[in-house]
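Visitor:
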Amino acid sequence: MKTFIKINAVSIFYAILLFVPFILMINVYRISRLTGMDIELVNLFITGTLVLAIIAGTFCMMNLRKIRLSGSKANYFTAILWIPYFFVFMYTFANALPITYGGDKPNPVTGLFLMGSFIIYPIYILVFQSIATNFKDKFFITE
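The end of the sequence shown is residue 152 by this note's numbering, with every number in the run present.
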């Protein structure tokens with residue numbers, strides 16, 4: 010039972026790592042309108058946030074996997090298990106803060122970036138799961 014809870018906790022973390030950049034990319038115009046910032050500045054802020062999320066998320070992902078799921082082959086289920094949590098987060102956000110102003114709708118190209126990210130993300134998780142498994146105690150925080 011502990012392994013089941015740990016796998017779900019890690020999967021929720023993986024879903025949040027993709028959810029935050031998606032929400033920021035979808036809401037560029039809304040953020041610009043509500044804060045009064047220029048769209049270029051908002052895009053720069055979001056790009057910086059994405060780079061920071063990738064770097065910090067990768068480090069946290071590898072160390073979290075090492076601490077929480079060490080020695081378990083069941084941790085590869087997290088490459089798929091994050092998807093339901095991601096959809097729950099997206100559904101909750103879309104219902105809590107719907108786009109009511111037509112000018113806040115994202116560009117169609119944003120959807121292509123999101124689809125590509127959604128397809129590549131499980132591969133990204135599997136690569137780092139296998140790296141964390143193969144390098145055992147090297148480069149990772151231990152308990």
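Glycine included, C-beta positions come from ideal geometry on N, C-alpha and C.
If you drop the 5 nearest sequence neighbours on each side, which residues of the same chain put their C-beta closer than 8 Å to that of Val51?
Guide: For Val51, where only same-chain residues beyond five positions count, the Cβ hits under 8 Å are Val37, Ile40, Ser41 and Thr44.
Visitor: Give the straight-line distance between the Cα atoms of Ile48 and Asn143, rounded to the nearest whole angstrom.
Guide: 43 Å
Visitor: Spell out a yes or no on whether the region 61-68 and the region 120-131 are touching, meaning 3 or more CB-CB pairs, one atom from each, closer than 8 Å.
Guide: In this structure the region 61-68 does not lie against the region 120-131, because fewer than three pairs of beta carbons, one per stretch, are closer than 8 Å.
Visitor: How many angstroms separate the CA atom of Tyr23 from the CA atom of Leu90?
Guide: 9 Å
Visitor: Give the DSSP-derived three-state secondary structure of Leu33 in the structure shown.
Guide: Looking at Leu33 - three-state DSSP - the assignment turns out to be helix.
Visitor: Need the endpoints of the alpha helix (DSSP H) that Phe98 sits in, please.
Guide: Thr87 to Ala105
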